[in-house]
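*Asks:* Take a look at this one; I'll ask things after.
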């Protein structure tokens, strides 16, 4: 009789181990928050890459458009390019475009080369580049160019807001800035109205 309670306890444990029934409501309460977070995070993750991809492709479109241009550019043209960029990226007024035409003045084959800009223009009151700015900010990323050769540098920026709160997904607001460089296709250089091409004045 002394071992009867122990035997009863063993049988109870064995029955519990063989039991396959469960409460779905309890399992749902435990798993549903994890599934919901995984869905929101995955959706936001892919939305970030979608927005970044749109931003880069829109920059390439603007760069290709400018590289084919043979007429003088003015601010109306640049504002029109900004409208195209906003349309392609489905963005708002926070987007901007900056275009700088750069050429090599001397020592073009050396690391100590000297780069100058023909002109630099931007939308939304964004600062433009001077010659010292070109050397300090753009020279490290500009590929080798021959003496007298021009390169069109198109910079674009767009503000991204995730569809869900950063507290839920860990992904917050950010700015996508892209830089694309092209050479003029059908003219020696891309000229701005009122600027003497080749002199940077």
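Residue numbers (the numbering used here): 150 to 350.
Even glycine gets a Cβ: it sits at the ideal position worked out from N, Cα and C.
This one's a predicted model, so the numbers in the text were calculated from it and none came from an experiment.
#1: If we count the other Cβ atoms within 10 Å of its Cβ and call it buried at 16 or more, is residue 228 buried or exposed?
#2: Given a threshold of 16 other Cβ atoms within 10 Å of its Cβ, counted over all protein chains shown, does residue 222 qualify as buried or as exposed?
#3: Give me the Cα-Cα distance between residue 253 and residue 305, rounded to the nearest whole angstrom.
#4: Nearest CA to the CA of residue 224: which residue from 182, 270 and 241?
#5: Can you give me the C-alpha to C-alpha distance between residue 283 and residue 249, rounded to a whole angstrom?
#6: Roughly how many angstroms lie between the CA atoms of residue 241 and residue 230, to the nearest whole one?
#7: Given this structure, state the Cα-to-Cα distance separating residue 272 from residue 259, to the nearest angstrom.
#8: If you compare alpha carbons, which of 251, 310 and 275 is closest to residue 332?
#9: So which of 233, 190, 344 and 278 has the shortest CA-CA distance to residue 247?
#10: To the nearest angstrom, how far is it from the Cα of residue 316 to the Cα of residue 177?
#11: Using a threshold of 8 angstroms, state whether the C-beta atoms of residue 280 and residue 299 are closer than that.
#12: Residue range of the beta strand (DSSP E) that residue 224 falls in?
#13: Do the stretch 201-212 and the stretch 333-341 meet, that is, are 3 or more Cβ pairs less than 8 angstroms apart?
#14: Do you know whose CA, among 345, 319, 309 and 158, lies nearest residue 235's CA?
#15: CB residue 320 to CB residue 290, shorter than 8 angstroms?
#16: If you draw a straight line from the C-alpha of residue 293 to the C-alpha of residue 216, how long is it?
#17: What residue range is occupied by the uninterrupted alpha helix (DSSP H) comprising residue 263?
#18: If I measure Cβ to Cβ from residue 322 and keep anything under 8 angstroms in the same chain, skipping five residues before and after, which residues do I get?
#19: I need the DSSP call for residue 285, collapsed to helix, strand or coil.
#20: Quick one: is residue 162 buried, meaning 16 or more other Cβ sit within 10 Å of its Cβ, or exposed?
*Replies:* Straight from the coordinates:
#1: Position 79 of the chain shown, counting from 1, holds the residue named residue 228. Residue 228 should be labelled exposed.
#2: As a first step, residue 222 is located in the chain shown; it is residue number 73 there, counting from the start. The residue is buried, with at least 16 neighbouring Cβ atoms inside 10 Å.
#3: Counted from its first residue, the chain shown places residue 253 at position 104. Counted from its first residue, the chain shown places residue 305 at position 156. Whole-angstrom Cα-Cα distance: 23 angstroms.
#4: Looking up residue 224 in the chain shown gives position 75. With distances taken between Cα atoms, residue 224 lies closest to 270.
#5: As a working mapping, residue 283 is identified with position 134 in the chain shown. As a working mapping, residue 249 is identified with position 100 in the chain shown. So the two alpha carbons sit approximately 9 angstroms from each other.
#6: Taking the chain shown and counting its residues from 1, one reaches residue 241 at position 92. Taking the chain shown and counting its residues from 1, one reaches residue 230 at position 81. Cα-Cα distance, rounded: 14 angstroms.
#7: Position 123 of the chain shown, counted from the first residue, corresponds to residue 272. Position 110 of the chain shown, counted from the first residue, corresponds to residue 259. Residue 272 and residue 259: Cα-Cα distance of roughly 33 angstroms.
#8: Looking up residue 332 in the chain shown gives position 183. It is 251 whose Cα lies nearest to the Cα of residue 332.
#9: For this step, residue 247 is matched to residue 98 along the chain shown. The candidate whose alpha carbon is nearest that of residue 247 is 278.
#10: Looking up residue 316 in the chain shown gives position 167. Looking up residue 177 in the chain shown gives position 28. Roughly 23 angstroms separates the two Cα atoms.
#11: As a working note, residue 280 is residue 131 in the chain shown. As a working note, residue 299 is residue 150 in the chain shown. Not closer than 8 angstroms, so no.
#12: Along the chain shown, one-based indexing puts residue 224 at 75. It is not in any beta strand (DSSP E) - residue 224 instead sits in the alpha helix (DSSP H) that spans 224-238.
#13: no
#14: Translated into positions along the chain shown, residue 235 becomes position 86. For the residues 345, 319, 309 and 158, the minimum Cα distance to residue 235 belongs to 309.
#15: Position 171 of the chain shown holds residue 320. Position 141 of the chain shown holds residue 290. Not closer than 8 angstroms, so no.
#16: For the purposes of this step, residue 293 is identified with residue 144 of the chain shown, where counting begins at 1. For the purposes of this step, residue 216 is identified with residue 67 of the chain shown, where counting begins at 1. For residue 293 and residue 216, the distance between alpha carbons rounds to 18 angstroms.
#17: Position 114 of the chain shown, counted from the first residue, corresponds to residue 263. Segment 263-271 is the beta strand (DSSP E) holding residue 263; no alpha helix (DSSP H) there.
#18: Position 173 of the chain shown, counted from the first residue, corresponds to residue 322. Same-chain partners within the cutoff: 308, 309, 310, 311 and 315.
#19: Working through the chain shown from its first residue, we reach residue 285 at position 136. The answer is helix: DSSP assigns residue 285 an H, G or I state.
#20: Position 13 of the chain shown, counted from the first residue, corresponds to residue 162. Exposed: under 16 other Cβ atoms inside 10 Å.
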